[in-house]
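Mapped onto the numbering used here, the consecutive letters of the sequence shown carry residue numbers 13 to 120. Read through the structure below, which is laid out as C-alpha cells, and then see the notes.
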Amino acid sequence: MAKGKKKAGGNPAKGEKIFKNLCAVCHSLTSHGTGPALAGLAGTNIAGQDGFSYSGALSGKATLKWTDANMNKWLKSPADFAPGNAMAFAGIPSAKDRLDLIAYLKAT
Ligand code: HEC
C-alpha cells in the first residue's frame, strides 16, 4: 500500500498543489471570496452554501449533489456542466489532475 493519505483514484497531495495553482486565486476552503468556500463540499447540494450569491445557472443545479461524477464534469468544463455559470475558468483537461484535485477536495 502507498503511504500517507493517498486514496483510490487520486492523490490529495498533488491535488492540493493543483488547487493552489488554479483555484486559490478565487477560492478559499473556509470563507467565501470571488467563489464560494469549498471545504466539505463532497456530497452536499450544488450551490448550497449559505451566504454566497450563486448564478442562476448554478442554482439551477441545486437539486443535484456534488458527487465525484458531477465534480469531475464541472472541473472538466464548467461551461458545459452549467452553461452561463459565473466561474470564469475554462476547465482542467487532464483526467488525472481532476482525480487528484477531487481527492484533495474530499479530504477537506
Ligand atoms: C476566476 C475565479 C475562479 C476560479 C479560478 C475558480 N473558481 Fe470555482 N467558482 C467561482 C465562482 C464565481 C463560482 C460560483 C459560480 C456560479 O455561481 O455560477 C465558483 C463555484 C465553484 C464550485 C461550486 C461550489 C458550490 O457551492 O456549489 C466549485 C465546486 C468550484 N467553484 C471549484 C473550483 C475549483 C476546484 C477550481 C480550480 C480548479 C475553481 N473552482 C476555480 C470562481 C472561480
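Backbone N, C-alpha and C fix where the C-beta goes; we use that ideal spot for every residue, glycine too.
### Query
Is asparagine 23 helix, strand or coil by DSSP?
Correct three-state label for asparagine 23: coil.
### Query
Any idea what DSSP makes of asparagine 84, helix, strand or coil?
Three-state result, asparagine 84: helix.
### Message
phenylalanine 64 and proline 48 - do their beta-carbons sit closer together than 7 Å?
### Response
Here proline 48 is near phenylalanine 64, since their CB atoms are less than 7 Å apart.
### Task
Put asparagine 33 into one of helix, strand or coil per three-state DSSP.
In the structure shown, asparagine 33 sits in a helix (DSSP, three-state: H, G or I).
### Task
Output yes or no for whether 7 Å exceeds the beta carbon distance between alanine 51 and leucine 41.
Cβ atoms of alanine 51 and leucine 41: closer than 7 Å.
### Task
Please name the residue, chosen from Ala69, Gly103, Tyr66 and Gly96, that lies closest to methionine 83 on a Cα-to-Cα basis.
Looking only at Ala69, Gly103, Tyr66 and Gly96, the smallest Cα-Cα distance to methionine 83 is reached by Gly103.
### Task
Could you name the residues of the same chain whose beta carbon sits closer than 8 Å to that of alanine 69, not counting the 5 residues immediately before and after it, in chain order?
Only residues of its own chain outside the window of five on either side were considered, and among them Ala94, Pro95, Gly96, Asn97 and Ala98 have a CB closer than 8 Å to the CB of alanine 69, listed in chain order.
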